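If you're matching positions, the sequence shown starts at 1 in the UniProt record's numbering and goes up one per residue.
Beta carbons: idealized from backbone N, C-alpha and C, even for Gly.
Predicted model only: the values in this text are computed from it and were never measured.
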Amino acid sequence: MEPDLLPLVLTAEPWGFNQQATELGPGAPGQDPCNLELERRYQAVPAAVCALCCLFGVIYSCFGYRCFKAIMFLSGLLFGSLVIFLLCYKERVLETQLSLEVSAGIALGIGALCGLVTMLVHSVGLFMTGLLLGLLLATAALVATEPLYQPQSLWVPVGSLLGLALLCALLALRWQKPLTVLSTAVFGAAVIVGCVDYFVELLALLGHVYDRLRLAPSPPLCWHSWAVLALWPALSLLGLLLQWKLTAEGYSHTDVIISRRQKRLQLLRIRQKEAKKRQSLPPQEGSYRRKPNPVKRYAGDVLAPSYIQSLRDRQLGPSTAAHTVLDLDYDCGSTVPLTAPGPGGRL
C-alpha cells in the first residue's frame, strides 16, 4: 500500500500552498518549517566573497561620503556588472548561451568602464548613487507591504522601481551631499544584511525578495528572516549618524586638488588684487604729511634770477663776481615789494 502523502492544498495566495508536502516529505505533518534547523553547508568561495562584501559594506556605510571617488567607482561597477551579467547569463547573446564564467568576465569588464565614467564625471556618479537609493527604497516598500497588498500585475513593481529610482536620482543632483550620505548609508547597510543573510539562512531572505519582485510563489518569511531584515533600517540609521556627525562633517566633494603652479598663480593674483585695493582706498589720517602753505605773492613781486644776479655783480664788482655762488634751484622769487628800501644798493 502506498504511504500517505500530504495533500496539496491551494489557498487564495499564489504562494500559500502546502510547502510541507515538498520540503518535509512524508511523515512530517503539521510541522512548521521555521522551527526546523537549517543545514548550513558553506562553501569557501561564496563565504569569502560575502566576508569581503561585508567589509566593503561597512566602509560604504560609515565612510561613504568621505571616500567619494571610490564610492562613485563602486556604484558604477556594481550597477553595470549586475545589469550586464543578467543580460548575458539569462538571455541568449548572438544566439548562444554564455557560461557563468564568460558572463562574469564580460560583466566585470563593462562594469569597470561604467565605474570609471561614474568616478570621472560627478554628475553621472551622483545620478547613479540616487538611482541605487531609489531601487533599494522601492524594494523595501514592496517587501514591507507584502502582508497588506499583493500586486497582480508585473508592471506594479517595475513602475515602483523605475519611478522611485528616477526621483531619487534627480534629487541627488539637486541636493548632492545629503542624498549621497543617505544613499551610501542605506546601500552599505543592505550589503551587510545580505552577507548576514548568507551566514544565517543561506540567502533565503534575498531569494524571497527576488521572488517578490517577479511575483513568483514564495513561502512566507520566518522570524529569523524578519530579524535579519530589521537590521537594515537600524544599520542605515547608524551609518547615517556616523557620516553626518563624524566622517562627512567639514568635507565637500567639490574641493579640487590644486597643483603647485596653480597655487603660485592664485597667490600672485591675490597679491595683485590686494595692491589694487590699497591704491584705490583713500589715505588714512596720520599716514601722510601736510603740505606747507604756499607763499603769498603780489603782482610784480617776482624777479628773474638772472636779473638779480646781474645786480649783485654790479654791486660787488668784477673781482668778486667769480667767487659768488648762487643756488639757482632755490626759489629766488622775491617776497619784498619793489618799493621797499633794500640794504644792498640803489636801482
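Around the Cβ of E101, a 10 Å sphere holds fewer than 16 other Cβ atoms; the residue is exposed. F73 is positioned such that its CB atom lies closer than 8 Å to that of G115. The Cβ atoms of Y65 and Y198 lie no closer than 8 Å to each other.
Spanning the alpha carbons of G163 and L268 requires a straight line of approximately 51 Å. Judged by DSSP secondary structure, P46 falls within the alpha helix (DSSP H) whose first and last residues are 44-62. S225 sits in a helix when the DSSP states are folded into three classes. Put simply, the backbone Cα of P233 is about 28 Å away from that of G111. In the DSSP assignment, L131 falls within the unbroken alpha helix (DSSP H) covering 122-144. Sequence-distant Cβ neighbours of I71 in its own chain, meaning closer than 7 Å and more than five residues away, are Y60, G64, T184.
The residues V117, T118, in chain order, have a CB closer than 7 Å to that of V124 in the same chain once the five nearest residues on each side in sequence are set aside. In the DSSP assignment, T247 falls outside any alpha helix (DSSP H), carrying neither H nor E.
Within the same chain, Cβ atoms closer than 8 Å to the Cβ of C88 are found at L98, V102, S103, I106, A107, the five residues on either side in sequence being excluded. Scanning its chain for C-beta atoms nearer than 6 Å, with the 5 sequence neighbours on each side dropped, one finds around C195 the residues C50, C53, C54, in chain order. Between R212 and V156, the gap from beta carbon to beta carbon reaches 8 Å or more. Less than 8 Å separates the beta-carbon of L215 from that of P151. In this structure, DSSP gives A304 a state outside helix and strand, which the three-state scheme calls coil. In the three-state reduction of the DSSP assignment, W232 falls in the helix class. Here E201 is buried: its Cβ has 16 or more other Cβ atoms, across all protein chains shown, within 10 Å.
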